[in-house]
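Undergrad:
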Amino acid sequence: MDQKRWEAKFTPMIRRLPKNKLKELCAPFNESKDIALLGGGLPNQAMFPLTSIGVELAGGGSINIKGFSPLRAAMQYNGGGIPGYKPFLKELVDREINPYGECDKDWDVTPCAGSSDALSKTFRIVVEEGDVCFLEDHCYGPVLSLLTGQDACIRGVKGDSNGIVPSQLEAACQTSKKEGKRLKLIYLVPAGGNPTGAFMPVQRLRDIYKIAQKYDLIIVEDNPYEWLRYNSDLKSTCVPGLKLGGFKPFDADKRVIRIDTVSKFLAPGFRSGWVTAPKPFISQFNKLSNLSSHSGCALSQAIVMNILKQWGAKGLRDHVQKVQQFYQKRRNIVALALDKHVKGLCEWSVPQAGMFFWIKPTVGVKNLNSEGLMPTLLKHKVLLVPGSIFSAADANSPYFRLAFSYASEKDLTVGVRKLGEVLRDVQNSKTH
Amino acid sequence: RGSSVASMGLRSGPIFRALRGRNLRHSQGKTLRYMSQSKAVNYDDFIRPHAKRREPSPIRALTPLLKLPGMISLGGGLPNPEMFPFKSLEFTLEDGTCLALKSSEIQDAFQYSNTPGLPALLEFLTSLQSSEHDKKDNDEWSVCVTTGSQEALSKAVDMLVGPEDTVIVDDPTYAGTLALMRPIGCTLAGVRCDHEGMVPEELARTLEEKKHLGVHPKVLYTVPTGQNPSGSTASDARKRAIYQIASEWNLLILEDDPYRFLYYGTDPHPGEEGEKEWERPKSQSMFSMDTEGRVIRFDSISKILSSGIRLGFATGPKELIDRINLHTQASNLHPSGVSQALCISLFNHWKLEGWEKHIKKVALYYMKRRDTFEALARKYLSEHAEWTTPSAGMFVWFKLHGIEDTQDLIQNKAKDANVLLLPGQAFSPTNEKSCYVRAAFSTATADDMEKALSRFAKLLVAAKDTNQSPS
């Protein structure tokens, strides 16, 4: 998709975004060395009260932001990314995700204030009222809110443990087309989705990509959990390590917008991530950012960039491995506990990435609504999230989402045991 | 049967309503009504349909359940803080004081946190607003922290302004807001300003004119202190008059006030000896005058603490701030925890006294720069331009004699003259040609200021000569 085809997908509001005339006006002046500038209204850094910012790293080493330039980077308006950050991110992306060589120059990378910020801006750029947006039938909540807010036509598509099912997507596309609707995008979390924990293997990615090509869909790839991948062998302590992929490696059409975040592998408090996408899209994204949250917090960017630079490629890989090992252990605890306590009472797949198990009770009434089990859960003092909250169609759901990221190892085991008690209660109960 | 469960009324209580709230996703939302002594502002008439449809996150509704004794939560998908690679976070101040975060504070900084801001920061800002604007901390107004005040403004605009609306704005006004509003497709009705900002009679006239055309604006946007670009500052009397008119015409007011703390008055800098006794001149904000729940106020720390850490805060009627928070819940979730932690440390250390001390320092700093710059402006531009001494902020708005189009001047002639000021057209709501230029005195050294102004004067002389000579 070239510039023209991308522009045809933008909303009228975005097409009305003016060029930054002031910036254009000032640009030629910035090249001159002897310019006397009374143009820019920057606040004076001399009044910023901090002289240094220090972060000690858990694995050893520290970051110190001090001196005029580093402080300026962290504390001053940063116009779309602190100095050096965009090229740094581009290098990271180029290194860790192997694209076709010829795609590289057509891609750009830009920082954002976390993935939800990126999603909110992305949908404002490409989603018009009535546009059909395909998602998995159980999907990350804020995405549903955002798309509803844009008056999009949300179409949930059935998935399995490998993500959206191609035949289902094809059928959904055909139906929408017959209804005369405008098909715009598909939103996917290819690795370790929230809430389903689904993981799309390469063949599935290719199958979905073909359908996106056929119906000219933009692919919004939200990939926070690809950094948290696990071994499918429950007995192994090995982890896959940093292996990023998703759709980008074979996006010859340039229809993919990929969103990354530091939230799961560094910390969510930074509110920091980045978007990798074709240049026409990134250009609009930057314009829109300028009108709201900019590219997020400069201080966060400064700390993140400093850490990643200090670690280098190897340090980053080591850290990601460590994080994966930590979460994998917990995943395994839950997997074994499920085997022990709830076998025969529900269905689940062992997730290969992310933080969630997606559990479907097989006891109780037909067409069970897991929401209805909440009182029983509370009675046994265990909390899982009912699937209806994530339903794209606003429907009842039999599923529960179980998070293994946060509870202590002991609580994970006890919690699953209690889930077993809950399900046995349901099995034995006549009323429900 | 599970007495604690029953006693929480969970079957029909708020949790289940929230869980079932997914069915209300497409509902209109409650009618929002704010009753005050004299008037009721019905926010239902202002909030756009898509903003009304925003519902609280049902997962957040589960939070009270976590507090039940013995509860094991496998609910929330929080990353585990054991994996955050940070051991300590500390900041050093100019006086050498080192502020270090405790480990619990580090966790707060790095974990997902409260939508409107970390409680400690909200507490400080609420008491700041209470004291600064003489408002009792009560249920009628609240504060939310955002990723810069621009972000708060963009959410307020998203909530209130549609393509069919006409928005009242200052003329000239902040270019960033023009960029924000224009793509919506709304009409911008500029109201003439003078050195004290928006002129009340002009506002009244504009509203009458619009009424005759069947147009009923609902929102007024103004920058009352040290306005970018004009440097104008509205007197308390002006602000009262504007508020009065807004009340008569049932407008909501967006009070964008990033330069409030850079208000230093028209007197010259008191000199080094006078700095100690100097007091910030008082100024009543529109928020402080707001008895009817019409004002959303936007504050920023960008000019006084740091522009890069992206922290601003919006203050206003609870119903409207809540709506902004619902938007945040579905977009960037919350402002940067690291930035907030920095501020909390700083504010805990300073307390309101230290904050006031720093504000005073910043105001005096820009006041001195204003003096330096104005003296040079008088030296070089007295014959070529007129302007009003700014009493706040960092800008001077020069009206150039004999120049009709400053955009043409800057674009075509200024580069060769090696000087840059910003043409007024960029700040015109209706994109009209302007005879004004904006100069900023925030960062240039005294030498650079002199260089710039002398070059600019030469440029103006040359431009006039060109105009006068037959060509």
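If you read the sequences in order, they're chains R and H. Heads up: the first sequence is residues 4 to 435, going by my numbering. Heads up: the second sequence is residues 896 to 1366, going by my numbering. In this text, a Cβ means the ideal position worked out from N, Cα and C, and glycines have one as well.
Less than 7 Å between C-beta atoms, sequence neighbours within five positions excluded: which residues of the same chain meet that for D134/R?
TA: The answer, listed in chain order, is A155, C156, R185 and K187.
Undergrad: Using a Cβ-Cβ cut-off of less than 7 Å, list which residues of the segment 50–84 of chain R approach chain C; keep chain order.
TA: Of the chains in the structure shown, none is chain C; the protein chains are R and H.
Undergrad: Mapping DSSP to helix, strand and coil, what is I66/R?
TA: Of the three classes helix, strand and coil, the one that applies to I66/R here is strand, per DSSP.
Undergrad: Determine, using beta carbons only, whether A356/R and E229/R come nearer to each other than 8 Å.
TA: Closer than 8 Å, so yes.
Undergrad: Going along the segment 208–239 of chain R in order, which residues come within less than 8 Å of chain H, judged by CB to CB distance?
TA: Here the close residues number zero.
Undergrad: Tell me which same chain residues have a C-beta within less than 6 Å of the C-beta of S145/R, skipping the five on either side of it?
TA: The identity of residue 145/R in the sequence shown is Pro, whereas the question assumes Ser. Excluding sequence neighbours, P145/R sits near S119.
Undergrad: Closer than 7 Å between beta carbons: that is the criterion. Which residues of the segment 114–136 of chain R meet it against chain H?
TA: Listed in sequence order: A116, G117, S119, D120 and S123.
Undergrad: Sort out for me which residues DSSP pairs F403/R with in a bridge.
TA: Paired residues: I362/R and P389/R.
Undergrad: 8 Å is my cut-off, CB to CB: does M358/R come that close to chain H?
TA: Output row for M358/R: interface = yes.
Undergrad: So which of Y330/R, E10/R and V278/R has the shortest CA-CA distance to W110/R?
TA: It is V278/R whose Cα lies nearest to the Cα of W110/R.
Undergrad: Rounded to whole angstroms, how far is the Cβ of S983/H from the Cβ of E59/R, which I believe are closer than 8 Å?
TA: Yes, they are in contact, since the Cβ atoms of S983/H and E59/R sit about 4 Å apart, within 8 Å.
Undergrad: For a test of the three-state rule: what should DSSP assign to V429/R, helix, strand or coil?
TA: In this structure, V429/R counts as helix in the three-state DSSP scheme.
Undergrad: Could you name the residues of the same chain whose beta carbon sits closer than 7 Å to that of A11/R, not counting the 5 residues immediately before and after it, in chain order?
TA: Here the set comprises nothing.
Undergrad: Say whether the segment 1310–1321 of chain H touches the segment 1259–1273 of chain H, bearing in mind that this needs 3 or more beta-carbon pairs closer than 8 Å, one atom from each stretch.
TA: No, the segment 1310–1321 of chain H is not in contact with the segment 1259–1273 of chain H.
Undergrad: Taking the alpha carbon of G42/R as the reference point, which residue from R1333/H, T1340/H and L1221/H has its own alpha carbon closest?
TA: Selected option, being the one with the closest Cα: R1333/H.
Undergrad: Report buried or exposed for A1132/H, applying the criterion of at least 16 other Cβ atoms within 10 angstroms of its Cβ.
TA: Answer is exposed; the Cβ neighbour count stays below 16.
Undergrad: For the beta strand (DSSP E) that contains A1335/H, what are its first and last residues?
TA: Its beta strand (DSSP E) spans residues Y1331 to A1335.
Undergrad: Using a C-beta to C-beta distance shorter than 9 Å, which residues of chain H count as neighbours of P86/R?
TA: In chain order: nothing, as chain H lies at least about 11 Å away.
Undergrad: Tell me whether the beta-carbon of P227/R lies closer than 8 Å to the beta-carbon of S286/R.
TA: Going by C-beta atoms, P227/R is not nearer than 8 Å to S286/R.
Undergrad: Whose Cβ in chain R lies nearer than 7 Å to the Cβ of R949/H?
TA: What R949/H touches in chain R: S148 and G152.
Undergrad: As a quick exercise: from A1287/H, P1324/H, L1354/H and K1263/H, pick the residue whose alpha carbon is nearest that of A1339/H.
TA: Among A1287/H, P1324/H, L1354/H and K1263/H, the Cα nearest to that of A1339/H is on K1263/H.
Undergrad: Chain R beta carbons: is any one of them nearer than 8 Å to that of S1044/H?
TA: It does not; no Cβ of chain R falls within 8 Å.
Undergrad: Measuring only the C-alpha atoms, how far is F1019/H from L1241/H?
TA: Cα to Cα, F1019/H sits roughly 11 Å from L1241/H.
Undergrad: For the beta strand (DSSP E) containing D1065/H, list its first residue and its last residue.
TA: Residues T1061 to D1066.
Undergrad: Could you pull the start and end residues of the alpha helix (DSSP H) that E1027/H belongs to?
TA: Taken as a continuous stretch (DSSP letters only), the alpha helix (DSSP H) holding E1027/H covers P1014 to E1027.
Undergrad: Would you mind reading off the limits of the alpha helix (DSSP H) that contains T1267/H?
TA: It spans G1232 to L1276 - the alpha helix (DSSP H) in which T1267/H sits, taken as one unbroken run.
Undergrad: Between which two residues does the beta strand (DSSP E) containing T1041/H stretch?
TA: Looking at the DSSP string, the run of the beta strand (DSSP E) that includes T1041/H is W1036 to T1041.
Undergrad: So, helix, strand or coil for M16/R, using DSSP?
TA: In this structure, M16/R counts as helix in the three-state DSSP scheme.
Undergrad: Taking 8 Å as the threshold (beta carbon to beta carbon), is N918/H in contact with chain R?
TA: Its pLDDT being 34, under 50, N918/H is placed unreliably by the model, and the measurement read from it follows with that caveat. Yes, because at least one Cβ of chain R sits closer than 8 Å to the Cβ of N918/H.
Undergrad: What does a CB cutoff of less than 6 Å around N399/R pick up in its chain, not counting 5 residues either side in sequence?
TA: N372 and S391.
Undergrad: Could you name the residues of the same chain whose beta carbon sits closer than 7 Å to that of E1327/H, not counting the 5 residues immediately before and after it, in chain order?
TA: Once the five neighbours on either side are set aside, the close Cβ partners of E1327/H are Q1320.
Undergrad: Could you check the C-alpha separation between Y1154/H and H1107/H for me, to the nearest Å?
TA: Taking the straight line joining both Cα atoms gives about 36 Å.
Undergrad: To the nearest angstrom, how far is the alpha carbon of F202/R from that of L380/R?
TA: Cα to Cα, the separation comes out at about 28 Å.
Undergrad: Would the beta-carbon of D1276/H fall within 8 Å of that of A1352/H?
TA: In the sequence as presented, Asp is not what sits at residue 1276/H; that position holds Leu. Going by C-beta atoms, L1276/H is nearer than 8 Å to A1352/H.
Undergrad: Give a yes or no on whether the minimum CB-CB distance between G104/R and chain H is below 8 Å.
TA: Any answer about G104/R is weak, because its pLDDT of 49 lies below 50 and its placement is not dependable; what the coordinates show is given next. Judged by the 8 Å Cβ criterion, G104/R is not in contact with chain H.
Undergrad: G42/R: beta carbon under 7 Å from a heavy atom of the ligand ZN?
TA: Summarising the ligand content, the structure contains no ligands, and the ligand ZN is consequently not present.
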